[in-house]
DNA sequence: GACGAGTGTAACCTAGAACGTTACGGGTCA
DNA sequence: TGACCCGTAACGTTCTAGGTTACACTCGTC
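Protein chains in written order, with the numbering used here: chain A, 1 to 95; chain B, 1 to 95.
Here's what the structure looks like:
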């Protein structure tokens, strides 16, 4: 179980991909084949990395699509876990 | 890169959780706190495992929510990768 | 054969995410 | 001032997750 808030994948894209290459949001969006708005939303944490976007990132930046999507999964899961106590679920097979 | 079609998480829930415990879909849905329709859709591959559902499964069956959601991620990614060739994306940082 | 349980699923709803285009206002800098 | 980049608001479409209700099917069992 992770203790701290995992960073949104958008931050990682910005700091590890765009900034080192000196890319603007407009340039990167064009390269990825999505609108500037779509990329902007991801970079600012207002949208998630979809499976298709993960593949796009892997093509553009040469990393694995799995790693991109896993980052999003961890981020989503961390927020879902915060509401674990609010879920009314019966234990069927106690550990 | 996975070669073969990964199984949908619904199949795993059915064969590894419901059947060993002799649970009906109706019983399991009630325990999970979702409608019978919702669980049925997941079991038959017509819906995915959401982050919240992954937490529900982890409570009911004592496994980690991460493992449930990762299975869904791998499934989604496999299908997204099949369309990799159709995406028009420029390579920005060739490996 | 009749009946109830379990199941799949169709029809309807809401909410939200992921896309798109267009357009506007605020920076920064030559 | 003008050019460029950025965030974002407003509008749209499409898809997914979730709900309720209702129907038809397949089983056992009585």
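For glycine and all other residues, C-beta sits at the position ideal for the given N, C-alpha and C.
None of these values were measured; they are calculated from a predicted model.
Note down, in chain order, each residue of its chain lying with its Cβ closer than 7 Å to the Cβ of residue i, except the 5 sequence neighbours on either side.
{"i": "residue 43 of chain A", "result": "10, 13, 14, 25"}
{"i": "residue 36 of chain B", "result": "25, 26, 29"}
{"i": "residue 17 of chain A", "result": "61"}
My output table needs one value for residue i: the three-state DSSP class, helix, strand or coil.
{"i": "residue 91 of chain B", "result": "coil"}
{"i": "residue 51 of chain B", "result": "helix"}
{"i": "residue 84 of chain B", "result": "helix"}
{"i": "residue 73 of chain B", "result": "helix"}
{"i": "residue 58 of chain A", "result": "helix"}
{"i": "residue 65 of chain A", "result": "helix"}
{"i": "residue 4 of chain A", "result": "coil"}
To the nearest angstrom, how far is it from the Cα of residue i to the Cα of residue j?
{"i": "residue 5 of chain B", "j": "residue 83 of chain A", "result": "32 Å"}
{"i": "residue 79 of chain B", "j": "residue 50 of chain A", "result": "12 Å"}
{"i": "residue 22 of chain A", "j": "residue 76 of chain B", "result": "32 Å"}
{"i": "residue 60 of chain A", "j": "residue 87 of chain B", "result": "11 Å"}
{"i": "residue 85 of chain A", "j": "residue 73 of chain B", "result": "24 Å"}
{"i": "residue 38 of chain A", "j": "residue 89 of chain B", "result": "15 Å"}
{"i": "residue 31 of chain B", "j": "residue 93 of chain A", "result": "11 Å"}
{"i": "residue 20 of chain B", "j": "residue 45 of chain B", "result": "20 Å"}
{"i": "residue 81 of chain A", "j": "residue 70 of chain B", "result": "15 Å"}
{"i": "residue 7 of chain A", "j": "residue 91 of chain A", "result": "31 Å"}
Residue i lies in the alpha helix (DSSP H); which residues open and close that run?
{"i": "residue 40 of chain A", "result": "36 to 43"}
{"i": "residue 26 of chain A", "result": "25 to 32"}
{"i": "residue 10 of chain B", "result": "9 to 13"}
In its own chain, which residues sit with a C-beta less than 6 Å from the C-beta of residue i, not counting the 5 before and 5 after it?
{"i": "residue 65 of chain A", "result": "54, 55, 58"}
{"i": "residue 47 of chain B", "result": "41"}
Might you give, ordered along the chain, the residues of its own chain that have their beta carbon closer than 8 Å to the beta carbon of residue i, omitting 5 neighbours on each side?
{"i": "residue 68 of chain B", "result": "9, 49, 53, 54, 57, 58"}
{"i": "residue 34 of chain A", "result": "53, 56"}
{"i": "residue 63 of chain A", "result": "57"}
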